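For reference, each letter of the sequence shown is one residue, going 49 to 565 in our numbering. Step one of this worksheet: look at the structure below.
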Amino acid sequence: MLARNRFLLLVMVGGAALAIISLSLQFLNLIPTTPLLEERLLQAADGGVGGAVGKSRKRVFPAPHTLEPNPIAEAYSYCNTPNRTEQAWEGHSPADYKLLSVQVMIRHGDRYPLYYIPKTKRPAIDCTLSTSRKPSHPLLNSFIRHMGQGAQGHWESPLGSVPRLPNHSACEMGELTQTGVVQHLRNGQLLHKAYRRHRFPPADWTPRQVWLETTGKSRTLQSGLAFLYGLLPDFDWTKLTVRHQWSTLFCGSACDCPARNRHLEEEQRRQYRLRVSDTQLERTYADMARTLGLLTRQLRAANPIDSLLCHLCHGISFPCAPTGDGTYGCLTMAQFAVIRRQQLDDEVDRRRVGLYHKYAILAMYPYLNRTATKMERVAKDNEAGRARRAGGEEVFSLSSAHDVTVAPLLSALGLEEARFPRFAARLVFELWKSPPATQGPQKKKGDKSKVTDGEVFIRVLYNGEDVTYHTSFCRSHVTNANQPLCPLKNFLSFVRRDMFSVVNATSYQEACYKRPG
Numbered sequence: 049m050l051a052r053n054r055f056l057l058l059v060m061v062g063g064a065a066l067a068i069i070s071l072s073l074q075f076l077n078l079i080p081t082t083p084l085l086e087e088r089l090l091q092a093a094d095g096g097v098g099g100a101v102g103k104s105r106k107r108v109f110p111a112p113h114t115l116e117p118n119p120i121a122e123a124y125s126y127c128n129t130p131n132r133t134e135q136a137w138e139g140h141s142p143a144d145y146k147l148l149s150v151q152v153m154i155r156h157g158d159r160y161p162l163y164y165i166p167k168t169k170r171p172a173i174d175c176t177l178s179t180s181r182k183p184s185h186p187l188l189n190s191f192i193r194h195m196g197q198g199a200q201g202h203w204e205s206p207l208g209s210v211p212r213l214p215n216h217s218a219c220e221m222g223e224l225t226q227t228g229v230v231q232h233l234r235n236g237q238l239l240h241k242a243y244r245r246h247r248f249p250p251a252d253w254t255p256r257q258v259w260l261e262t263t264g265k266s267r268t269l270q271s272g273l274a275f276l277y278g279l280l281p282d283f284d285w286t287k288l289t290v291r292h293q294w295s296t297l298f299c300g301s302a303c304d305c306p307a308r309n310r311h312l313e314e315e316q317r318r319q320y321r322l323r324v325s326d327t328q329l330e331r332t333y334a335d336m337a338r339t340l341g342l343l344t345r346q347l348r349a350a351n352p353i354d355s356l357l358c359h360l361c362h363g364i365s366f367p368c369a370p371t372g373d374g375t376y377g378c379l380t381m382a383q384f385a386v387i388r389r390q391q392l393d394d395e396v397d398r399r400r401v402g403l404y405h406k407y408a409i410l411a412m413y414p415y416l417n418r419t420a421t422k423m424e425r426v427a428k429d430n431e432a433g434r435a436r437r438a439g440g441e442e443v444f445s446l447s448s449a450h451d452v453t454v455a456p457l458l459s460a461l462g463l464e465e466a467r468f469p470r471f472a473a474r475l476v477f478e479l480w481k482s483p484p485a486t487q488g489p490q491k492k493k494g495d496k497s498k499v500t501d502g503e504v505f506i507r508v509l510y511n512g513e514d515v516t517y518h519t520s521f522c523r524s525h526v527t528n529a530n531q532p533l534c535p536l537k538n539f540l541s542f543v544r545r546d547m548f549s550v551v552n553a554t555s556y557q558e559a560c561y562k563r564p565g
């Protein structure tokens, strides 16, 4: 059965009434359009792990109506501790197919909490990097040295002033940890190995061919650099431009969409109603507040599960506070499990109601349209007999983002059953081209049969698992010997028109600005 966190999203919403609702819901996930607002998020969820292709659907999409999910086990999965061997199915294709481009969206790696629980000690975690501390990675030392040369790169404002490495011996709020760095060094190295036999990216890549973009948070910038270093060890700084995305939705100049905000408000109200109707959750918050000597509203405002997840992921005992009689009261795993259980219940309700999916369609269209346009340009650049563009097209793009970016992207693609983005989650779009096809039999010696150019196909992978045939645009596609993969045209048609049927529209403009009712 599914195990994912719930999403409570916040996108540039104004108004006093909405602000009051948002305050009362701070223990849930909000979805903002700016990195600053992400600091109000509760980052609690679960993610999947790589495995065999034959088992991918069971792992990424757990079978419903079986056993109830174990909230604690799901929380450990969300931590994504880099202590296991992981199989990556990126780079797999039929024989003689050519890899044309790869576009990757990642969530930042493990981070320090965004919130502090009053009257308790902050978790003691060192955010400097050291190979003598676990978890480590063979590339860690060379990565640290290479980041010291970053001044040679090109940085869009304000990224040039953001530290390229986590560097506080006592972590700051929201800071990337060494675990987070190692997670993305591993991610990048997995893709390096997967794409090496395809000679991708090309060894002589140009500044135009490799694209890195990130929000302005240090944790996303540092995660993106770690991933890129794992993929391209000792990359040439002088050829790299690091681009800034001001919105966590990566919507660029197309962020204005009133209907998206309306769907958001409706989703917030749904989550609020579900939460206040959960009497066990309310009793648990009251018990936790009494244990720590706080008012219940103070505890909720501190988003305690954010800090508790950090304790869990780093093997630190749950926080305690003095009770006044010389003893200490401590939060418990049972209390943590109740909050996690409610989050999983909310996931089920979210899918049933469908408001979040409508939000996700409008939230992620700009990014998906940009992805489709890049793929289309690369496909045309690789047409037989066509002169290549000087400097080439963008063959590798990396977008380093947040859970509030990856989660709606999964939903927009129709991957409603996919697990919520764990730390260092990755979503990969691959563009493939089949070999040229020969048409017609050869009649006489010396006759030439007609040779047609190869076709282009798309693969979508989530945390190393191929989920292409779970997407809305390829779920009903029937594979055959001539088309063993999903045609790119399916994806283009989905992004340009079909995805808007969910909101009874045929275009982004119509969906965003038509009047409700």
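Yeah, the Cβ is synthetic: ideal placement off N, Cα and C, and Gly gets one too. Everything numeric in this text was worked out from a predicted model, so none of it was measured.
Open item on the list: Report the CB separation of R18 from N511 in whole angstroms; it is logged as a contact under 8 Å.
Closed with: Residue 18 lies beyond the residue range present for the chain, which begins at 49 and ends at 565; the question has no answer from this structure.
TODO: Please work out which residues of its chain come closer than 7 Å, Cβ to Cβ, to R389, disregarding the five sequence neighbours upstream and downstream, and give them in chain order.
DONE: Counting only Cβ-Cβ distances below 7 Å, and skipping sequence neighbours, we find P119.
Open item on the list: Using a Cβ distance threshold of 8 Å, determine whether the segment 223-235 contacts the segment 314-321, with at least three qualifying pairs required.
Closed with: No, because fewer than three Cβ pairs between the segment 223-235 and the segment 314-321 fall closer than 8 Å, the two stretches do not touch.
Open item on the list: Check whether the segment 538-547 and the segment 384-399 touch, using three or more Cβ-Cβ pairs below 8 Å as the test.
Closed with: By the C-beta criterion, the segment 538-547 is judged not to be in contact with the segment 384-399, since fewer than 3 inter-stretch pairs fall below 8 Å.
Task: Inter-residue spacing [alpha-carbon to alpha-carbon] between S549 and I154 - done: For S549 and I154, the distance between alpha carbons rounds to 27 Å.
Task: Cα-Cα separation between Y164 and A553, rounded to whole angstroms - done: Approximately 44 Å between the Cα atoms of the pair.
Open item on the list: Taking the alpha carbon of T421 as the reference point, which residue from V543, H518, R170, R291 has its own alpha carbon closest?
Closed with: Of V543, H518, R170, R291, the smallest CA-CA separation from T421 is found for V543.
Open item on the list: Using the Cβ count rule (16 or more neighbours within 10 Å means buried), how would you classify S149?
Closed with: Burial call: buried.
Open item on the list: Checking the sheet assignment: what are the DSSP bridge partners for E261?
Closed with: Among the bridge pairs identified by DSSP, E261 is matched with R291, S447.
Task: Minimum Cβ-Cβ distance from L533 to chain C less than 9 Å - done: Among the chains of the structure shown, chain C does not appear; only one protein chain is present.
Open item on the list: Closest to A472 by C-alpha separation, out of A435, C127, P117, E122, would be which residue?
Closed with: Comparing Cα-Cα distances from A472 to each of A435, C127, P117, E122, the minimum goes to C127.
TODO: Measure the CB-CB distance between R212 and L273 and report whether it falls below 9 Å.
DONE: Judged by beta-carbon spacing, L273 lies within the 9 Å limit of R212, meaning their Cβ atoms are closer than that value.
Open item on the list: As a quick exercise: from R170, A251, H140, D284, pick the residue whose alpha carbon is nearest that of H647.
Closed with: Any question about residue 647 goes unanswered here, given that the chain covers just 49 to 565.
- [ ] Let me know the beta strand (DSSP E) ranges lying completely inside the segment 414-476, each 3 residues or longer, listed in chain order.
- [x] Annotation: the segment 414-476 contains the following complete segments of the beta strand (DSSP E) (minimum length 3 residues), in chain order: 444-449.
Open item on the list: For the structure I just gave you, are there three or more beta carbon pairs, one from the segment 339-346 and one from the segment 362-377, closer than 8 Å?
Closed with: Short answer: they touch.
Task: Inter-residue spacing [alpha-carbon to alpha-carbon] between F191 and F444 - done: Near 20 Å, if we compare the C-alpha coordinates of F444 and F191.
TODO: Classify H450 as buried or exposed, calling it buried when 16 or more other Cβ atoms lie within 10 Å of its own Cβ.
DONE: Buried, since its Cβ has 16 or more Cβ neighbours within 10 Å.
Task: Residues that DSSP places opposite H202 in a beta bridge - done: T289.
Task: Same chain only: Cβ atoms within 6 Å of G502, ignoring 5 sequence neighbours per side - done: In the same chain as G502, and ignoring 5 residues on each side of it, the C-beta atoms closer than 6 Å to its own belong to K481, S482, P483, P484, in chain order.
Task: Nearest-angstrom Cα separation, counted from A143 out to C560 - done: When rounded, the separation of the alpha-carbon atoms in C560 and A143 is 43 Å.
Task: beta strand (DSSP E) runs contained entirely in the segment 329-417, provided each spans 3 or more residues - done: Complete beta strand (DSSP E) runs here, min 3: 368-370, 376-378.
Open item on the list: Please report the straight-line C-alpha distance between R331 and I353, rounded to a whole angstrom.
Closed with: Each residue's alpha carbon lies about 15 Å from the other.
- [ ] Reducing DSSP to helix, strand and coil, say where Q270 ends up.
- [x] Q270 sits in a helix when the DSSP states are folded into three classes.
- [ ] Could you tell me which residues DSSP pairs with T500 in its beta bridges?
- [x] Within the DSSP bridge table, the entry for T500 names A485 as partners.
TODO: Locate the beta strand (DSSP E) running through I165, then write down its first and last residues.
DONE: From DSSP, I165 is part of no beta strand (DSSP E); its letter is neither H nor E.
Task: L475: CB within 8 Å of a non-hydrogen atom of the ligand FMN - done: Annotation note on the ligand FMN: not contained in the displayed structure, which lists no ligands.
TODO: Specify, as a first and last residue, the run of the alpha helix (DSSP H) that K537 falls within.
DONE: Here the alpha helix (DSSP H) through K537 covers 536-544.
- [ ] Starting from the C-beta of Q197, find all residues in its chain whose C-beta is less than 8 Å away, skip the five residues before and the five after it, and write them out in chain order.
- [x] Contacts found: W285.
Open item on the list: Quick check on V550: does DSSP put it in helix, strand or coil?
Closed with: Residue state, collapsed to three classes: helix.
Task: Pairwise C-alpha distance: Q328 and L276 - done: The alpha-carbon atoms of L276 and Q328 are separated by roughly 45 Å.
Task: Assigned exposure category for P306 - 16 Cβ within 10 Å defines buried - done: With a threshold of 16 other beta carbon atoms within 10 Å, P306 falls short and is exposed.
Open item on the list: Beta-carbon within less than 8 Å of H359's beta-carbon, same chain only, minus the 5 sequence neighbours each way: which residues are those?
Closed with: The residues P171, S365, F366, P367, in chain order, have a CB closer than 8 Å to that of H359 in the same chain once the five nearest residues on each side in sequence are set aside.
- [ ] Since I believe V401 is in contact with E138 (beta carbons under 8 Å), could you give me their beta-carbon distance rounded to a whole number of angstroms?
- [x] Approximately 34 Å separates the beta-carbon atoms of E138 and V401; this is outside 8 Å, ruling out the contact.
Open item on the list: Taking the alpha carbon of P183 as the reference point, which residue from Y145, T225, R437 has its own alpha carbon closest?
Closed with: Closest option to P183, Cα to Cα, is T225.
- [ ] Note the first and the last residue of the continuous beta strand (DSSP E) segment covering K146.
- [x] For K146, the enclosing beta strand (DSSP E) has its first and last residue at 146-155.
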